[in-house]
Every structure is written in C-alpha cells, then in structure tokens.
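Each residue of the sequence shown is one higher than the one before, counting from 1 in full-length UniProt numbering. Written out below as structure tokens is the structure these notes cover.
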Amino acid sequence: MKIIAVAQNYFPYNKTREEALLNAENPMIFMKPDSALLVNNKPFFIPNELGVIEYETEIVVRICRLGKTIPERFAHRYYDALTVGIDFTARELLGKFRAEGRPWELCKGFDGSAVLGEWVDKKSLTDLENIDFKLDINGRTVQSGSTANMIHTTDKLVSYVSRFFTLKTGDLIYTGCPVEGWGRVNIDDHLEGYLNDTKVLEFNCK
1 MKIIAVAQNY FPYNKTREEA LLNAENPMIF MKPDSALLVN NKPFFIPNEL
51 GVIEYETEIV VRICRLGKTI PERFAHRYYD ALTVGIDFTA RELLGKFRAE
101 GRPWELCKGF DGSAVLGEWV DKKSLTDLEN IDFKLDINGR TVQSGSTANM
151 IHTTDKLVSY VSRFFTLKTG DLIYTGCPVE GWGRVNIDDH LEGYLNDTKV
201 LEFNCK
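Printed below as a string of structure tokens:
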C-alpha cells in the first residue's frame, strides 16, 4: 500500500505562498510510508522532538483497481471512495529542509502523520469536483475548503501519478490542502473532520 500526497494543489497558492508554484502544469508529488497511517480514531501522539507539528486537512481518495498509465478520461474508474485526512507536518523541519534542498520525508512521513477518516462511497456524492470539507478543533472550525478550488483535479492526479507508479488496490492519494487555515496542534486537542456535512474523522492529540 502506497500513500501518495500532493503539495500546493489549491488556488491561490501562486499569490499567497512565499514560494510560488514552479510548474503549475504538473502536480507536486511526495510519498509517505505505510507506517505514517493513523486510522480508527486512534490518538495522535505529538512527536515533540520534531518541533512544531501542524495539521493540513485534505480530501483522500482510495484506489480500487490496478492501473498503469491511466488516461485522465478513464481515471474515475480507478477510485471508489473518498474521505477527509490530515497530513501532519513538522513545519520548522520542513522549512529547514527546503532551505537546504533536502527531501521532505522526515518532516512529512513520520509515524502517525497520515490520519485517515471513514470512507464515503463515491457513488453517494453528486459532484466530485465540488465537495466541501472542513476541520474542527475543540469545536471551532479552523480549516475549510472545496475540491472546486483544486489546481489539479482528482482525475488528473490519478492519471499523472500512474505514469510513474503502478497504482494498486488500497493505495491512497492525499490530494492537497487549502491555502489558508493550517496550524499547530497541541496536547489534548480534539479534531473532527467533515466531508460535506458528514463527520468522517475524529481523534485526540496526546
């Protein structure tokens, strides 16, 4: 099982980030190991040795069949469910690695850094390109977004990634987080994620 993640995939990144997209034509992809996966409402234990840990709320899709070099027009056939996930990031370490031109795995792929909610069947969603999602912490909404604001659609992501990796049943794609709203998590925070109006994610930080 592969965890594939996408960076800088929401407008208006080019206007608000210190680092503008170098090539908006193609998605920016990175990977997380399977040990990063956190499921079943298990608590997230904050790794203090990594510095400030921040949440990034994302739509996650589940690959449902084997595929390689998938044309974008057929990509919708290769995923069957969506949910809300959290891409936890060691923010200070990420800044250091970017400045040094180093890979991101250590600040993006640590244990528990890929939180996953309960799956929602794709067939129950009327418009995959206009799904609202949000994250509440301690009862307050801290981040929200819509797939309508993606730079690269889910179908394009599936097609693009399949050019480099054979997609297999059970692989996950974290499709990127909205530009605004990410922030630090602290011990005893209670996180709840919503896909449209349905709560699909709930866990505590310890």
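Even glycine gets a Cβ: it sits at the ideal position worked out from N, Cα and C. Please read all numbers here as calculations on a predicted model, not as lab measurements.
Under the criterion of beta carbons closer than 8 Å, Leu-201 and Val-115 qualify as touching, at roughly 7 Å. Judged by their CB atoms, Thr-147 and Ile-131 are nearer to each other than the 9 Å cut-off. When C-beta atoms of the region 40-55 are compared with those of the region 154-172, fewer than three pairs fall below 8 Å, so the two segments do not count as touching. In this chain, Glu-105 is not harboured by any beta strand (DSSP E); it is covered by the alpha helix (DSSP H) spanning 105-108.
Under the three-state reduction of DSSP, Asp-155 is assigned to helix.
Comparing alpha-carbon positions, the option among Tyr-55, Cys-64 and Phe-11 lying closest to Ile-173 turns out to be Cys-64. A check of alpha carbon separations from Ser-144 across Asn-204, Tyr-55 and Ala-81 identifies Tyr-55 as the nearest. For Val-161, the three-state secondary structure derived from DSSP is helix. Of the candidates Tyr-79, Gly-176 and Lys-156, the residue whose Cα lies closest to the Cα of Glu-25 is Lys-156. Counting along the chain, Glu-202 sits inside the beta strand (DSSP E) bounded by residues 198-204. By the 16-neighbour rule on beta-carbons within 10 angstroms, Ile-70 is buried.
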